[in-house]
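In my numbering, the protein residues as written are 30 to 386.
Beta carbons: idealized from backbone N, C-alpha and C, even for Gly.
So, in structure tokens, the structure goes:
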């Protein structure tokens, strides 16, 4: 295994805030970054050396992009698999496209998790209103209907409370293939974030306890509550098995519920994650730096905590206008993503507090 030396170029598929923070970490280690994204206004491209603005199905642009890079990674899980395969023909892609195939399909994801020893909510893949009705009868209500592909931050989800909700729910999702998930009675939500190196070494972060509002992560706190800590060993074991079965390289996130009988895996994300943003100040090596280290074949950095307690809060929509108030707090670390005008439900940045005593 040969590590990529400083001065090498890392390609990043996707131009959002995760790519932005990856590029900043890469620059700190002496690497150049080349962003590939279809959006002209890319917040990641603002901090990178190179930018290709082209569609994900532009084979010629993808080939030229990949040939300019020493290694390629991605910042979100909805990069088309065919795009990833084109890149793989011309440059190493880390993590590989198998992780995208699993994460982009909720039914595939849950089956993969179960095959890795994990427990998920009861679920059924439904492709028609009649199938939805049959699944609701079998699984029971209340339940949640989720589009099988391309849902995030609460989008593409409808809660069903009674059989009368079947028809309107099916209309709400546009009649596209969905997964009906049984209701999980849980006490808390948490995430397991690990980095797996090119040599198979794994470094795991302390798990944050997460609180969501309107389907969007509101805050993450480390250390988590005792309820989370009791289920953490089992959850970490599941996440590590998933990473190993995927021959994963980079940062992997698995989100869990604290269930009555043990951890229940909600979903996985083959990337750095919002619930790990606290690690920029709250860990010796951030999730972003460890992802760069992993994909470049470098040794992983320490995930040890830098304080006794760390809290990260997302800045959503108009809250970004309070930037001066955040900066007035000497203990607050402000991160704005350069997205311009705030919009309702839009992640504009985050703030972190690290308490050393």
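{"Check": "Is it buried or exposed, residue 293, if we count other Cβ atoms within 10 angstroms and call 16 or more buried?", "Outcome": "buried"}
{"Check": "Using the C-alpha atoms, what's the distance from residue 370 back to residue 148?", "Outcome": "41 Å"}
{"Check": "Tell me the rounded alpha-carbon separation between residue 319 and residue 159.", "Outcome": "46 Å"}
{"Check": "Is residue 154 near residue 119, with beta carbons less than 8 Å apart?", "Outcome": "no"}
{"Check": "Apart from the five residues just before and just after residue 217, which ones in its own chain have a Cβ nearer than 7 Å to its Cβ?", "Outcome": "238, 254, 256, 257 and 287"}
{"Check": "State whether the region 164 to 184 contacts the region 109 to 117, with contact taken as three or more CB pairs (one from each stretch) at a distance under 8 Å.", "Outcome": "no"}
{"Check": "How would you call residue 356, buried or exposed, if buried means at least 16 neighbouring beta carbons within 10 angstroms?", "Outcome": "exposed"}
{"Check": "With burial defined as no fewer than 16 other Cβ atoms inside 10 Å of the residue's Cβ, what is the status of residue 192: buried or exposed?", "Outcome": "exposed"}
{"Check": "Does DSSP classify residue 34 as helix, strand or coil?", "Outcome": "coil"}
{"Check": "With a 10 Å radius around its C-beta and 16 neighbouring C-beta atoms as the bar for buried, classify residue 157 as buried or exposed.", "Outcome": "exposed"}
{"Check": "Use the C-beta contact count for residue 273: other C-beta atoms within 10 angstroms, 16 or more gives buried, fewer gives exposed.", "Outcome": "exposed"}
{"Check": "How is residue 311 classed by DSSP in three states: helix, strand or coil?", "Outcome": "helix"}
{"Check": "Under three-state DSSP, which class holds residue 98?", "Outcome": "coil"}
{"Check": "Spell out a yes or no on whether the region 85 to 95 and the region 240 to 254 are touching, meaning 3 or more CB-CB pairs, one atom from each, closer than 8 Å.", "Outcome": "no"}
{"Check": "Checking 8 Å against the spacing of the C-beta atoms, do residue 65 and residue 300 come in under that value?", "Outcome": "no"}
{"Check": "For residue 40, which option in 79, 32, 72 and 128 has the closest C-alpha, if you only look at C-alpha atoms?", "Outcome": "79"}
{"Check": "Taking only the alpha-carbon atoms, compute the straight-line gap between residue 283 and residue 197 and give it to the nearest angstrom.", "Outcome": "31 Å"}
{"Check": "Ignore the nearest five residues each way along the sequence and tell me which others in residue 232's own chain have a CB closer than 7 Å to its CB.", "Outcome": "223, 224, 319, 329 and 332"}
{"Check": "Evaluate residue 184 with the Cβ neighbour count: other Cβ atoms within 10 Å of its Cβ, from every protein chain shown; 16 or more gives buried, anything less gives exposed.", "Outcome": "exposed"}
{"Check": "Starting from residue 54, trace the alpha helix (DSSP H) both ways and give me its first and last residue.", "Outcome": "46 to 57"}
{"Check": "Check whether the Cβ atoms of residue 100 and residue 129 lie closer than 8 Å to each other.", "Outcome": "no"}
{"Check": "Could you name the residues of the same chain whose beta carbon sits closer than 8 Å to that of residue 133, not counting the 5 residues immediately before and after it, in chain order?", "Outcome": "106, 107, 110, 178 and 179"}
{"Check": "Per DSSP, what are the beta-bridge partners of residue 221 in this structure?", "Outcome": "283"}
{"Check": "For residue 207 versus residue 261, is the C-beta spacing smaller than 8 Å?", "Outcome": "no"}
{"Check": "DSSP puts residue 382 in a beta bridge; with which residues?", "Outcome": "340 and 361"}
{"Check": "State the DSSP-derived secondary structure class of residue 290, mapped to helix, strand or coil.", "Outcome": "coil"}
{"Check": "In the structure shown, what three-state DSSP assignment does residue 366 receive?", "Outcome": "coil"}
{"Check": "Mapping the DSSP letters down to three states, classify residue 304 as helix, strand or coil.", "Outcome": "helix"}
{"Check": "Measure the Cβ-Cβ separation of residue 303 and residue 343 and say whether it is below 8 Å.", "Outcome": "yes"}
{"Check": "Who pairs with residue 179 in a beta bridge, going by DSSP?", "Outcome": "Answer is none; residue 179 lacks a bridge partner."}
{"Check": "Taking the beta carbon of residue 295 as the centre, do at least 16 other beta carbons fall within 10 Å, making it buried, or is it exposed?", "Outcome": "buried"}
{"Check": "Between the C-alpha atoms of residue 277 and residue 327, what's the straight-line distance to the nearest angstrom?", "Outcome": "15 Å"}
{"Check": "Measuring straight from C-alpha to C-alpha, what distance separates residue 121 and residue 375?", "Outcome": "33 Å"}
{"Check": "Which residue's Cα is closest to the Cα of residue 367: 377, 187 and 266?", "Outcome": "377"}
{"Check": "Looking at C-alpha atoms only, which residue of 212, 268, 247 and 203 is the closest neighbour of residue 234?", "Outcome": "268"}
{"Check": "Compute the Euclidean distance between the alpha carbons of residue 359 and residue 51, then round it to the nearest angstrom.", "Outcome": "25 Å"}
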